[in-house]
Structures are given as C-alpha cells and as structure tokens.
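The structure appears right after this line, and notes come after that.
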Ligand code: GLA
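What follows is the structure, encoded as structure tokens:
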C-alpha cells in the first residue's frame with residue numbers, strides 16, 4: 009500500500025523527497041455505548057485497519073490534500089492563514105478542523121504542506137474513519153511542527169475539531185481510543201475524568217467478528233443529538249434532588265429511587281440505559297480480567313437489548329444481525345457497536361465456527377434484509393503514529 013501511495017504522491021505533488029509517513033487506526037467499542045457524553049465508562053480498542061497518510065512540509069502557506077478514497081475530488085487546496093468550513097471541500101474539512109483546533113490553543117502552524125491519504129476502514133461502517141483522519145492530522149502536527157502535547161490532549165483537540173468545526177456533537181471515546189490504542193489491549197476509559205487503564209484482550213480461541221449491516225446511514229446524526237438532549241433532560245430532573253454533573257455518577261440502586269423525579273417516560277428509558285450500561289461496562293471488564301468469556305458475552309447481549317429497547321438506536325438491520333448471530337454455533341455474545349442506526353455489530357465467535365458463522369449469518373441476513381452484510385475479523389492494534 010505504502011509503495012502505491014508514494015507513487016501517487018509523486019504523481020500529484022512532484023518529487024518524492026522528504027515524505028513522512030503516518031498511520032492512524034479505526035476503533036471498535038466493545039461495550040459502554042452512548043455513555044461517553046454522560047460521563048460513563050467505555051471500553052473501546054483501536055484496530056489494525058485505519059488511515060495512512062503521507063506528508064511533506066511546504067515553504068509557503070498552502071495546504072494541498074489528496075485522498076485516494078475520493079479521487080474524484082482531486083487535490084483540495086486551502087491557505088493556513090485563511091480557511092473556513094466549505095462543504096465542497098468534503099473530507100478535507102477534517103484536515104482544516106484539526107489545524108483550526110490546534111491553532112485555537114497553540115497558534116497557527118507556520119508552513120503549509122502536501123498531504124495524501126488512504127484509508128481501509130469501510131466508509132459509513134461506524135468504525136470511526138473520521139476520527140481516524142483527525143488523529144492522523146493531529147499526529148502529523150505534533151511530530152512535524154514540534155507541538156509539545158501528549159496524545160490525550162491530541163484526542164481532546166480532535167474532539168473539539170469535530171464538535172466545533174465540523175459540527176458533530178460526538179463524545180471523546182473515538183478520538184481517545186484512536187489516539188491511545190495499544191496492541192492487544194482494550195481501554196477502559198472514564199469519560200468524566202479521562203482516567204484510563206489498558207486491559208489485555210486474551211480471548212484464547214475466540215475472535216471478535218465485526219459484521220457490517222451495509223445499511224446507508226442517514227438519520228444517525230439528528231437522532232444522536234436527540235438522545236443527547238433526552239439524557240440532559242433526565243439529568244436536570246434528577247438534579248432537583250441530587251447534585252450531580254452527569255447520569256453516570258449514580259448507581260443503579262440510587263437511580264431506582266430517583267427515577268420517579270423524571271417526568272417523561274422516554275427520558276426515563278434513556279437514563280435507565282445509561283446508568284445500567286455504565287455498570288455493565290465495569291462488570292464486563294472484570295469478567296474479561298477473570299477470563300470469564302461467557303459472562304463477558306452475556307453482558308454484550310444485555311447491552312444490545314438495552315440499546316434496542318431503552319435507548320432505541322438499533323433498527324431492523326442491527327437487530328436482525330444480532331438475532332441471527334446469537335443462534336449460531338460457537339457464539340458467546342453479540343451487540344451493535346458505535347452510534348447505531350446502521351453500522352456494525354461485534355460478535356464473539358469461536359475460531360473454528362467462524363466459517364459457518366459467516367456463511368449462515370450472511371445468507372439469513374440477505375434473505376430478510378435484501379442485501380449482504382460484510383465481515384471483518386479484527387486484530388487490536390496501536391494508536392496513531394509515525395511509521
Ligand atoms: C459515536 C460517537 C461516540 C459515541 C458513540 C456511541 O461513535 O462519536 O462519541 O457517543 O457514537 O457510544
């Protein structure tokens with residue numbers, strides 16, 4: 009891949025001198041869904057698939073961007089001293105967003121650059137191709153413009169870029185997992201304090217299979233914001249009696265005593281998901297640490313049911329995949345992952361059963377939904393880095 013990228017770089021930007029090469033992974037969340045904007049605990053990991061980037065500093069102030077994933081967009085150009093969000097610049101807005109966020113805190117970079125990228129994260133799969141690109145650019149700015157910050161701050165700035173420049177109100181999970189990923193480990197992250205710990209993923213003869221619904225995602229952004237405000241509303245009701253900053257500060261038994269304060273059935277459902285999902289995440293990590301994969305799998309299943317029935321972010325495609333997956337031999341657990349409304353599921357599958365899993369789930373899903381899902385068997389990789 010890198011070989012091909014170098015060729016294209018030379019084709020687009022002239023000679024091949026002083027090219028610097030970078031990689032930034034995608035991520036998958038094992039458990040702890042829709043709670044990173046509620047101060048809860050999440051448990052994602054970085055993947056070995058992701059976005060490759062090639063960089064070369066320029067003497068002037070121009071930034072020239074080319075993506076091998078969007079060749080029809082050609083070279084997208086902007087000036088580091090004068091740029092704004094521009095819909096027609098499409099993916100390159102993420103490059104601008106990160107330069108902007110770093111600039112807010114550390115001043116603008118002094119030189120422009122040439123930038124070529126290629127990503128092998130399937131588009132729209134919910135495996136965070138945009139956060140991957142953001143952290144790729146962050147890593148480049150840190151390394152090539154000597155900005156002295158650690159990768160946690162890079163994650164925070166990338167989230168700021170996404171929230172304020174792109175206008176997507178995401179939590180910190182994706183950026184953190186991608187910035188801080190570690191080979192063969194998942195990250196238990198407290199999204200309130202940003203305390204974290206690495207937990208080795210020793211699954212023995214079990215693998216994590218990602219299945220993509222291949223559903224086109226449309227509604228997800230507006231529904232995402234709607235869920236955020238429903239949680240805020242629930243929090244405000246509870247605040248009348250308990251002085252808390254987020255829903256994850258209370259235990260499930262405290263919540264059972266407080267939930268009658270919430271004067272809205274829908275908001276009760278959303279808050280119930282948040283409080284129990286936070287506890288499930290901690291339990292799941294304990295189960296994994298004790299090598300109890302059966303319990304880990306059951307917690308994944310409970311997480312899915314809660315996202316389906318209480319948080320209502322699944323949909324027929326994700327529910328069908330999980331339902332069929334759980335009927336297959338050698339499956340210990342299955343759930344939707346990421347924002348929902350499409351995207352992917354993860355399933356824990358015994359290695360020897362993977363071929364039949366893929367065949368049966370593929371067939372049955374197509375029968376019901378009308379098109380095929382895709383499967384990826386993932387390896388847990390490390391965070392954004394220079395190659
Ligand atoms: C998206 C967001 C994350 C998180 C998940 C749901 O991936 O970017 O911040 O909220 O949805 O857990």
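Numbering (the working numbering), first residue to last: 9 to 395.
Note that the Cβ used here is the ideal one computed from N, Cα and C, for glycine as well.
- Residue 353 carries a strand assignment under DSSP once its states are collapsed to helix, strand and coil.
- At least one heavy atom of ligand 1 sits closer than 6 Å to the Cβ of residue 42.
- Shown here, residue 11 sits in a helix according to DSSP, grouped into three states.
- With 16 or more neighbouring CB atoms inside 10 Å of its own CB, residue 183 falls in the buried class.
- Scanning its chain for C-beta atoms nearer than 8 Å, with the 5 sequence neighbours on each side dropped, one finds around residue 275 the residues 238, 239, 241, 242, 245, in chain order.
- Per DSSP, the continuous alpha helix (DSSP H) segment holding residue 368 begins and ends at 362-377.
- Collapsing the DSSP output to three states places residue 87 in a strand.
- Taking a cut-off of 8 Å on C-beta distances, the region 144-159 does not touch the region 192-206, as fewer than three cross pairs fall below it.
- Residue 28 has 63 as its beta-bridge partners, per DSSP.
- Annotation for residue 73: no alpha helix (DSSP H) segment contains it, though the beta strand (DSSP E) segment containing it runs 70-75.
- Around the beta carbon of residue 381, a 10 Å sphere encloses 16 or more other beta carbons of the protein chains shown; the residue is thus reported as buried.
- Boundaries of the alpha helix (DSSP H) harbouring residue 313: 301-317, taken from the DSSP string.
- In the DSSP assignment, the residues bridged to residue 217 are 355, 385.
- By the criterion of a C-beta distance shorter than 7 Å, residue 225 is surrounded in its chain by 132, 349, 350, 351, once the five residues flanking it on both sides are discounted.
- The criterion of a C-beta distance shorter than 7 Å is satisfied by residue 34 and residue 136.
- The alpha-carbon separation between residue 232 and residue 49 amounts to approximately 18 Å.
- In this structure residue 60 is buried. Its beta-carbon is surrounded by 16 or more other beta-carbon atoms within 10 angstroms.
- Looking at 216, 12, 79, the one whose alpha-carbon comes closest to that of residue 386 is 216.
- Distances from the CB of residue 181 to the heavy atoms of ligand 1 include at least one below 6 Å.
- For residue 193, the enclosing beta strand (DSSP E) begins and ends at 193-198.
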